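Trainee:
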Amino acid sequence: MMRKGFFLKFTLLVMFSALMLAGCRSSAPPVEFYTLNPLTGLEEKTNTPEPDQKLSIGVGPVEIPQILDRPQIVTRSGPNKLKIDEFHRWAGRLDEDFARVLAENISLLLGTDLVAVYPWQTDFKPHYRIALEVWYFEGQWGQDVLLEVSWALASQESQKPQTVRKSVIREPLSATNYEELVAVKSRAIAQLSREIVQEIRNLQSGGN
Numbered sequence: 006m007m008r009k010g011f012f013l014k015f016t017l018l019v020m021f022s023a024l025m026l027a028g029c030r031s032s033a034p035p036v037e038f039y040t041l042n043p044l045t046g047l048e049e050k051t052n053t054p055e056p057d058q059k060l061s062i063g064v065g066p067v068e069i070p071q072i073l074d075r076p077q078i079v080t081r082s083g084p085n086k087l088k089i090d091e092f093h094r095w096a097g098r099l100d101e102d103f104a105r106v107l108a109e110n111i112s113l114l115l116g117t118d119l120v121a122v123y124p125w126q127t128d129f130k131p132h133y134r135i136a137l138e139v140w141y142f143e144g145q146w147g148q149d150v151l152l153e154v155s156w157a158l159a160s161q162e163s164q165k166p167q168t169v170r171k172s173v174i175r176e177p178l179s180a181t182n183y184e185e186l187v188a189v190k191s192r193a194i195a196q197l198s199r200e201i202v203q204e205i206r207n208l209q210s211g212g213n
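In this text, residue positions in the sequence shown follow this note's numbering: the first is 6, and each later residue adds one.
1. Locate the beta strand (DSSP E) running through E176, then write down its first and last residues.
2. Can you tell me where the alpha helix (DSSP H) holding K86 begins and where it ends?
3. Any idea what DSSP makes of Y123, helix, strand or coil?
4. If you run the structure through DSSP and keep just helix, strand and coil, what is S155?
5. Can you tell me whether I201 is helix, strand or coil according to DSSP?
6. Count the CB pairs spanning the segment 140-150 and the segment 67-86 that are closer than 8 Å, and state whether there are at least three.
7. Can you tell me whether E109 is buried or exposed? The criterion is at least 16 other CB atoms within 10 Å of its CB, across all chains shown.
8. Thinking just about the alpha-carbon of each residue, which of R199, L208, Q209 is nearest to the one in L113?
9. With the cut-off set at 8 Å, would you say V106 and P177 are in Cβ contact?
10. What separation, rounded to the nearest whole angstrom, lies between the Cα atoms of L151 and L60?
11. State the DSSP-derived secondary structure class of S219, mapped to helix, strand or coil.
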């Protein structure tokens, strides 16, 4: 009888543990996935110049800090503290998504379809090449999104960059949800795109 009682208690304990484990698993929130978005023609229709379909641009490579080079979205919660969220993730690679959106923005702003993302095909010879190194691309709830990036612009004729710049862009982040965070990050890339396009126009016109 004692042995039967022991096995009965042991069986009930195992069943209870399994139910508790299943309950914990079912209570976990679903993982949500996000992508950055480019500008639309409607947003830029008053600022877009006459199209130059002969102008070709190569975008990349884009280097991302190791702390951001992960599937999870990273936010800043303090001067020395970051949060890596397991349930809010990028739908693809952040560096590739960044380069894609930047390329689409530049294509729209310059009015050319001849824009390729690194690595491009060997027969593609861009008039200008843009290499980027991202230092910060984080958001802090209730404050802002910070995009700090160094970028170099080189022409087809020159092996050395004609322009080397560092852009520091801040966009306000009033909401506390990830969908808005990613939208604000997209706006930061849009501002970077405008700065790069302005420099391309300066080089084309022979300005400084």
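Each residue gets a CB set at the ideal place from its N, CA and C atoms; glycine is no exception.
Bear in mind that the values here come from a model prediction, so they are computed numbers and not experimental data.
Mentor: Taking the coordinates as given:
1. Per DSSP, the continuous beta strand (DSSP E) segment holding E176 begins and ends at 168-177.
2. Note, K86: premise wrong, no alpha helix (DSSP H); beta strand (DSSP E) at 86-95.
3. Reduced to three states, the DSSP call for Y123 is coil.
4. Strand at S155.
5. Annotated three-state conformation of I201 is helix, per DSSP.
6. At 8 Å Cβ cutoff, the stretches touch.
7. Classification for E109: buried.
8. Among R199, L208, Q209, the Cα nearest to that of L113 belongs to R199.
9. Not in contact: V106 and P177 (Cβ atoms no closer than 8 Å).
10. Across the structure, L151 and L60 are spaced so that their CA atoms are roughly 31 Å apart.
11. Nothing can be reported for residue 219, as the shown portion of the chain is limited to 6 through 213.
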